[in-house]
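A.B. asks: Below: one structure in structure tokens.
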Amino acid sequence: MTELTPPQIKTKFDVHLWWITAVIIAVNVGLFFWQVLHGMDVSNPSTADAIRWGADYAPLTFLTEPMRLLSSMFFHFGLVHLMLNMWALYIFGSVLEQIFGRVYFLALYVLAGLMGSLLSGYIAIQDSYELIRVGLANPELLPRVGAGASGAVMGLGAALTVLSLLPMLPQQRFILDKKTLLIVMGINLAMGFMISGINNAAHIGGMLMGTILAALWYLSQKTQQRWIMPLSLALAACGSYWFYLHCQNLVVYIQPLWSEVLMMMRQQLNF
Numbered sequence: 435m436t437e438l439t440p441p442q443i444k445t446k447f448d449v450h451l452w453w454i455t456a457v458i459i460a461v462n463v464g465l466f467f468w469q470v471l472h473g474m475d476v477s478n479p480s481t482a483d484a485i486r487w488g489a490d491y492a493p494l495t496f497l498t499e500p501m502r503l504l505s506s507m508f509f510h511f512g513l514v515h516l517m518l519n520m521w522a523l524y525i526f527g528s529v530l531e532q533i534f535g536r537v538y539f540l541a542l543y544v545l546a547g548l549m550g551s552l553l554s555g556y557i558a559i560q561d562s563y564e565l566i567r568v569g570l571a572n573p574e575l576l577p578r579v580g581a582g583a584s585g586a587v588m589g590l591g592a593a594l595t596v597l598s599l600l601p602m603l604p605q606q607r608f609i610l611d612k613k614t615l616l617i618v619m620g621i622n623l624a625m626g627f628m629i630s631g632i633n634n635a636a637h638i639g640g641m642l643m644g645t646i647l648a649a650l651w652y653l654s655q656k657t658q659q660r661w662i663m664p665l666s667l668a669l670a671a672c673g674s675y676w677f678y679l680h681c682q683n684l685v686v687y688i689q690p691l692w693s694e695v696l697m698m699m700r701q702q703l704n705f
């Protein structure tokens, strides 16, 4: 999931209160090098390594291991993939953490990543429905392994973009360049449609969650109704869980296909 260089953001004060962002970056980097120390290729991890370390593979995720919806956010396909995502996380996160506060920021990050994984899984389910309907062995419709923090990071980018488009709040400490943000987010999204191998569904899912939660946060600040913030997070979490249950219901029809695909994958990769 490739990211472009994040936008330059002008601030009124120094950016230094971003330790949650720093912890997330440290965890991602630490896990990556721990995986490398245990034999993973630093530039081109194998599919077996990706599965071993928690990547998202829809048949495995929805049939037996739903935690992969979250664990996949902490696995990256090589050092370049990791560096691009962590750089974008630093640029976006170090600003948003101060705007939203640590709790709302962390919740948005996790929920955006989760929604990215869920939408990616939903697309995989629809592709499998199409595969059964057509009755042809089309490799393009088979589930694929996906991972990375891009869904969560795109959620942060979308949140910043939303704030840049709205009138600046009196207490807001950052001047956001909406033109640059729109260009960067647009290019990142367009690349997902033009370049194969990019999980654009994860990007879109993360952006949708980031957009909604940013708009609701802005409403809470504009109206001075702080109760909107916890309610927004609770509704987002419930909505994500409902979407997961909806996907599980859809999986019932394709379970025989996915069980067979998963068995073949296990035999091929020996996991």
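So the mapping is simple: this note's numbering equals the position in the sequence shown, first residue as 1, plus 434.
Note that the Cβ used here is the ideal one computed from N, Cα and C, for glycine as well.
Could you compute how far the alpha carbon of residue 560 sits from the alpha carbon of residue 637?
C.D. replies: Your numbering for residue 560 matches position 126 in the sequence shown. Your numbering for residue 637 matches position 203 in the sequence shown. When rounded, the distance between both Cα atoms is 18 Å.
A.B. asks: Which residues mark the beginning and the end of the alpha helix (DSSP H) in which residue 690 is found?
C.D. replies: In the sequence shown, residue 690 corresponds to position 256, counting from 1. Residues 662–703.
A.B. asks: Let me confirm a value: residue 704 is counted as buried when at least 16 other C-beta atoms fall within 10 Å, else exposed. Which label applies?
C.D. replies: Here residue 704 corresponds to residue number 270 of the sequence shown, with the count starting at 1. Result: exposed.
A.B. asks: Pull up the distance between the alpha-carbon of residue 664 and that of residue 587, whole angstroms please.
C.D. replies: Counted from its first residue, the sequence shown places residue 664 at position 230. Counted from its first residue, the sequence shown places residue 587 at position 153. Their backbone Cα atoms lie some 21 Å apart in a straight line.
A.B. asks: CB-CB under 8 Å to residue 678, same chain, minus the five flanking residues each way: which ones, in chain order?
C.D. replies: Residue numbering aside, residue 678 sits at position 244 when the sequence shown is read from its first letter. Only 500, 503, 552 meet the Cβ criterion.
A.B. asks: So, for residue 644: in the same chain, excluding its five sequence neighbours on each side, which residues have a beta-carbon less than 8 Å away from its beta-carbon?
C.D. replies: As a working mapping, residue 644 is identified with position 210 in the sequence shown. So the qualifying residues of the chain are 542, 546, 588, 589, 590, 591, 592, 593, 596.
A.B. asks: Apply the 10 Å Cβ neighbour rule to residue 676 and answer buried if 16 or more other Cβ atoms are within range, or exposed otherwise.
C.D. replies: By one-based count along the sequence shown, residue 676 stands at place 242. Exposed, since its Cβ has fewer than 16 Cβ neighbours within 10 Å.
A.B. asks: Alpha carbon to alpha carbon, how far is residue 600 from residue 544?
C.D. replies: Residue numbering aside, residue 600 sits at position 166 when the sequence shown is read from its first letter. Residue numbering aside, residue 544 sits at position 110 when the sequence shown is read from its first letter. C-alpha separation (whole angstroms): 24 Å.
A.B. asks: Using beta-carbon positions only, say whether residue 455 and residue 538 come within less than 8 Å of one another.
C.D. replies: Here residue 455 refers to the residue found at position 21 of the sequence shown. Here residue 538 refers to the residue found at position 104 of the sequence shown. Cβ distance not < 8 Å, so residue 455 and residue 538 don't count as in contact.
A.B. asks: Give me the residue from 611, 464, 605 with the minimum Cα distance to residue 658.
C.D. replies: Mapped onto the sequence shown, residue 658 falls at position 224. With distances taken between Cα atoms, residue 658 lies closest to 605.
A.B. asks: Residue 493 and residue 692: beta carbons closer than 8 Å?
C.D. replies: Within the sequence shown, the letter at position 59 stands for residue 493. Within the sequence shown, the letter at position 258 stands for residue 692. Going by C-beta atoms, residue 493 is nearer than 8 Å to residue 692.
A.B. asks: State buried or exposed for residue 507, treating a residue as buried only when at least 16 other CB atoms are found within 10 Å of its CB.
C.D. replies: Within the sequence shown, numbered from 1, the residue matching residue 507 stands at position 73. Classification of residue 507: buried, given that the 10 Å Cβ count is 16 or more.
A.B. asks: So, is residue 453 buried or exposed, given that buried needs 16 or more other C-beta atoms within 10 angstroms?
C.D. replies: By one-based count along the sequence shown, residue 453 stands at place 19. Classification of residue 453: exposed, given that the 10 Å Cβ count is below 16.
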